[in-house]
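The working numbering numbers the first residue of the sequence shown as 976 and each following residue consecutively.
Some notes on the structure that comes next.
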Amino acid sequence: MLRISKSQRVWITGLLIVASFVLKKVILAPGISDILMIAAAFVAGYPIALNAIRALRYKIVGIDALVTLAVIGALLIGEYWEAAAVTFLFMFGNYLESKTLEKTRSAIKALLELAPDIARVERNGEEIQLTPDEVIQGDIVIVKPGEKIPVDGTVREGNAYVNQAAITGESMPLNKEKGDGVFSGTVLESGYLKIQADKVGEDTTFSRILQMVEEAQDKKAKTQKFLEVFSRYYTPAIIALAAAVLIITRDVRLSLTLLVIACPGALVISTPVSIVAGIGNGARHGVLIKGGEIIEKLGTAKVVAFDKTGTLTEGRPAVTNVKALEISEDELLRLTARAEMYSEHPLARAILLEANSRLGESFTAPEEAEIITGQGLKAKLEDKTILVGNRKLMRENGIPLSKDIEEYLKSEESEGQTAVIVSDLEKVLGIISIADIIRKDAEKLVKSLKALGVKKVIMLTGDNKRAAAAIAKKVGLDDYYAELLPEDKVAILKEVQNRYGTAVMVGDGVNDAPALASADLGIAVGGAGTDVAMETADVVLMSNEIKKLSYAMGLSRATVINMKQNIYFAIIVVGLLLAGVMAKFVFLSSGMLIHELSVLAVIVNAVRLLGYKEKNAET
């Protein structure tokens, strides 16, 4: 048999059938007409029979076997038109299915097309062009405007705007300069960079995303596994039913029609096609979902538990309030920044960042500076001594705190903020409040999750109760658990799982590995380039945009609904066709046509998931 493509086979079979009709109705040559019909059935039926034989070798009786039996039977009783029509419609349906299925995989295909194909590397003082696989760790890679970055690395020279949509789903390009990290597969839109290669080849974030997306498509949902087991027993049962009908009714045509229209094609494809579309959509938007079972389970989540630092908050202390008492706010910041110049404490860094941002100037270091453990520091600035620290530091140096100052301190601390007192040797000059900033979209996310049907949204944190309570109140959480060790988080997750059902843990993927692993589903935020997140979590939000969680859950629910729609539709169609056959309203060729149309309808319905937008997940 010559090797013929699927499209060529469709055309050849179609032309043979048309020629057969012309010979029979116009030229009145029924003998030649029958020969052409048999030829059409053979051309279209050959690959179907071949697939059936291959499947039988593995003891699988599938759709191809049913169609092959029906066609052989039709040929034996002289129903050449029915044989040709059934094989043509089945083959044409397969052709349309493959074309339509390409659409469901378009998001994944688009990812593959983003893979970098060249790398420009500096070696021995020369610039040479290689494939990305040939780049060695430590190489200096040169990237120009419009080119894809071929490695994960660190910028050593240059300044550029980089589009990271392929990795994080973020639409706006980010400015990259010396010291910044970049990812393979991202696009340099303007500027020029020299990048030191840190991860190359299959170790890059982009390569690992592709690998995980491909593996995810092979990880089947429970519904899909059930349907595959069901079809394994269903198909032999249909053959037995057709044989029984033949014995009882002696109606060969009726038995053959039963074989064809009872094919569970739409039912078998109903779940995997939805899952492929859902995973592809997520990958395109920076949401990596590791398999059909994950996307199915995510849609049923009843509890969402968040870590605090780096998840609900940005994970870095920042100045939230500046209250000046005896001097201006700018002068208070200037004095404090100078005093903190030698300190490596996170609170000191927060004050320096705020002072630099607000004042836009560089600061001279103090003449002397003394770190006082557990209290703060004492610094000498020209003719004055500045104290920066807590109440104990003030008491130790005899600095009085008025009633108003105490009330202000308590007010700030009740909001989960750390209040840093600044004074000279006589009086308090001001108070600088510092806190880990809550992500701006955290409150909106909690509302979105509730709208999506989540019963409880809670926080699990190792931080103190006061800070946890303040954040829980601001964000609108149902409950919070503070001062927890990693094993405490695991115990609480088990408790809420037993009480409410499917529990999801959301963390930054670095210090939350035990909790992420013990939850029904673990979701890591900001997983781009984070090995622990990509390995431990079931779902990875590649960017730091926590709002992507509502997108992921909305997409999951949409996928589950899509799967159910497909399953119900497929069952109803098979039921109606069976009733139509028994009532002799549906015949062999018309039954095959309806069957193929039902398969296409299922695929087209799944394609809708590719158009799922983030706004669908928002309220």
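From the three backbone atoms N, C-alpha and C, an ideal C-beta is built for every residue, glycine too.
Proximity winner among the options, relative to residue i (alpha-carbon distances)
i       : options                            : result
Glu1329 : Val1279, Ser1389, Ile1347, Ile1409 : Ile1409
Asp1358 : Ala1426, Asp1399, Ile1326          : Asp1399
Asp1009 : Val1061, Trp1056, Ser982           : Trp1056
Glu1122 : Arg1131, Leu1491, Lys1000, Gln1104 : Gln1104
Arg1371 : Lys1353, Glu1381, Lys1378          : Looking at the sequence provided, one finds Glu at residue 1371 rather than Arg. Closest by alpha carbon: Lys1353.
Leu1041 : Thr1210, Asn1099, Ala1344, Leu1491 : Thr1210
Val1577 : Leu1551, Ala1019, Thr1477, Pro1247 : Pro1247
Phe1338 : Ala1312, Leu1322, Tyr1317, Ala1323 : Ala1312
Pro1341 : Glu1462, Lys1588, Met1316          : Met1316
Phe1017 : Ala1030, Met1066, Gly1156          : Met1066
Glu1132 : Gly1391, Gly1154, Glu1304          : Gly1154
Gly1176 : Leu1221, Val1110, Leu1575, Ala1215 : Val1110
Val1471 : Ser1493, Glu1458, Val1548          : Ser1493
Pro1107 : Glu1097, Ile1115, Pro1125, Glu1101 : Pro1125
Gly1501 : Asn1069, Gly1290, Leu1356          : Gly1290
Asn1120 : Lys1559, Asp1483, Leu1168, Val1481 : Residue 1120 is actually Pro in this sequence, not Asn. For Pro1120, the nearest C-alpha among the options comes from Leu1168.
Gly1020 : Arg1029, Ile1052, Arg984           : Arg984
Tyr1475 : Ala1499, Ala1024, Asp1495          : Asp1495
Leu1599 : Phe1544, Ala1090, Ser1245          : The requested residue 1599 does not occur in the structure, where the chain is confined to residues 976 to 1594.
Gly1156 : Asp1127, Arg1183, Asn1134, Leu1273 : Asp1127
Same chain, Cβ closer than 7 Å to residue i, five either side skipped, listed in chain order
i       : result
Ala1014 : Leu991
Leu1584 : Ser1249, Ala1252, Gly1253, Asn1256, Ala1533, Thr1534, Asn1537
Asn1365 : Gln1350, Gly1351, Ile1396
Leu1368 : Ile1347, Gln1350, Gly1351, Leu1362
Gln1540 : Asn1580
Asn1138 : Pro1148, Thr1161, Val1162, Glu1164
Leu1308 : Val1297, Glu1329, Ala1330, Arg1333, Leu1334
Asp1453 : Lys1431, Val1432, Ile1433
Val1421 : Val1432, Val1450, Gly1451, Leu1452
Leu1327 : Ala1312, Glu1315
Glu1301 : Lys1402, Leu1404
Leu1216 : Leu1233
Gly1497 : Met1480, Leu1491, Thr1511, Ala1512, Asp1513
Tyr1383 : Lys1298, Ile1406
Lys1272 : Thr1477, Asp1495, Leu1496
Residues that residue i bridges to, as DSSP identifies them
i       : result
Glu1343 : Lys1355
Ile1244 : Note: Ile1244 sits in no beta bridge, so no partner.
Glu1097 : Glu1102, Ile1115
Asp1127 : Lys1174
Phe1281 : Met1434, Val1481
Leu1496 : Val1479
Ile1264 : Val1514
Glu1462 : Paired residue(s): none; Glu1462 is not in a bridge.
Asn1026 : Looking at the DSSP assignment, Asn1026 forms no beta bridge with any residue, so it has no partner.
Asn1138 : Val1162
Distance between beta carbons of residue j and residue i, contact taken as under 8 Å
i       : j       : result
Val1294 : Ala1314 : The Cβ separation is near 15 Å, so there is no contact.
Ile1270 : Ser1573 : With 8 Å as the limit, Ile1270 and Ser1573 do not qualify as a contact, their Cβ atoms being about 24 Å apart.
Thr1129 : Ser1159 : Between Ser1159 and Thr1129 the Cβ distance is about 13 Å, and since that is not below 8 Å, they are no contact.
Leu1435 : Lys1469 : No, Leu1435 and Lys1469 are not in contact; Cβ-Cβ is about 12 Å, not under 8 Å.
Leu1287 : Ile1413 : 6 Å
Arg1098 : Val1116 : Contact doesn't hold; Cβ gap of about 11 Å is too wide.
Ala1049 : Leu1221 : Actually they are not in contact, since the Cβ atoms of Ala1049 and Leu1221 sit about 13 Å apart, beyond 8 Å.
Met1517 : Gly1261 : 4 Å
Asp1483 : Asp1305 : No, Asp1483 and Asp1305 are not in contact; Cβ-Cβ is about 35 Å, not under 8 Å.
Ala1045 : Leu1575 : Rounded, the Cβ-Cβ distance is 20 Å, inconsistent with contact.
Val1556 : Ile1236 : 6 Å
Ala1545 : Ser1245 : 5 Å
Same chain, Cβ closer than 8 Å to residue i, five either side skipped, listed in chain order
i       : result
Gly1586 : none
Tyr1136 : Pro1148, Leu1149, Asn1150, Lys1151, Leu1163, Glu1164, Ser1165, Gly1166
Met1012 : Leu991, Ile992, Ser995, Tyr1055, Trp1056, Ala1058, Ala1059
Val1429 : Ala1276, Lys1277, Val1278, Val1279, Met1528
Lys1425 : Val1432
Leu1031 : Ala1040
Ala1447 : Met1434, Asp1454, Tyr1455
Pro1489 : Pro1461, Glu1462, Lys1464, Val1465
Spatial neighbours of residue i in its chain, beta-carbon cut-off 6 Å, leaving aside the 5 residues before and after
i       : result
Leu1568 : Leu1064
Thr1393 : Ile1409
Tyr1456 : Leu1435, Ile1467
Tyr1070 : Lys981, Val985
Gly1437 : Leu1459
Alpha helix (DSSP H) runs wholly inside the region 1507-1587, at least 4 long, in chain order: If you keep only unbroken alpha helix (DSSP H) runs of at least 4 residues inside the region 1507-1587, you get 1523-1557, 1563-1582.
Those runs of the alpha helix (DSSP H) which lie wholly inside the region 1343-1416 and span at least 4 residues: Whole alpha helix (DSSP H) segments, 4+ residues: 1366-1371, 1378-1389.
Report the start-end ranges of each alpha helix (DSSP H) in the region 1270-1338 that is 4 residues or longer and not cut off at the edges. Within the region 1270-1338, complete alpha helix (DSSP H) segments of at least 4 residues are found at 1304-1314, 1321-1334, given in chain order.
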